[in-house]
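In case it helps, this note's numbering puts the sequence shown at residues 100 to 181.
Step one of this worksheet: look at the structure below.
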Amino acid sequence: MVEEIRAATLENLFEAQRLSFILDEEGIPHTIKSFHDAAYDGLFQSHLGWGTVLSLPEHEARIVRFLEMIRQDPESESEDNG
């Protein structure tokens, strides 16, 4: 059985939602995992990022490519800023 790997680190919830939507559309199996822990009030998110996307190793390159496209999209910047 092939284990899921950390394909990429996510910066925020918006990025996680957009990436998850794209991966669902592409039929790429994945899991979005937030680093938030209520007991520590988000302490780890400031050091580790918002969360991570887990998937099979053969999908890593496509996931990284989709994430780069999201980060370069000017619309995502305007939504992050207001």
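Ideal Cβ placement from N, Cα and C applies to all residues, glycine included.
Scanning its chain for C-beta atoms nearer than 6 angstroms, with the 5 sequence neighbours on each side dropped, one finds around ILE104 the residues PRO156, in chain order.
A direct Cα-Cα distance of roughly 11 angstroms separates PRO128 from PHE120. Ranked by how close their Cα comes to the Cα of LYS132, the residues ILE169, GLY126, LEU118, MET100 have LEU118 in first place.
Across the set THR130, GLU125, VAL152, the C-alpha of VAL152 shows the shortest separation from the C-alpha of GLU110. In terms of CA proximity to GLU174, PHE113 leads the group GLY126, PHE113, SER154, ALA106. From the listed residues ALA115, GLN171, ARG161, GLU102, the smallest Cα separation to GLY126 is found for ARG161.
Annotation: the continuous alpha helix (DSSP H) that includes ILE121 extends over 112-125. By alpha-carbon distance to VAL163, the top candidate from ASP172, ALA106, LEU122, MET100 is ALA106.
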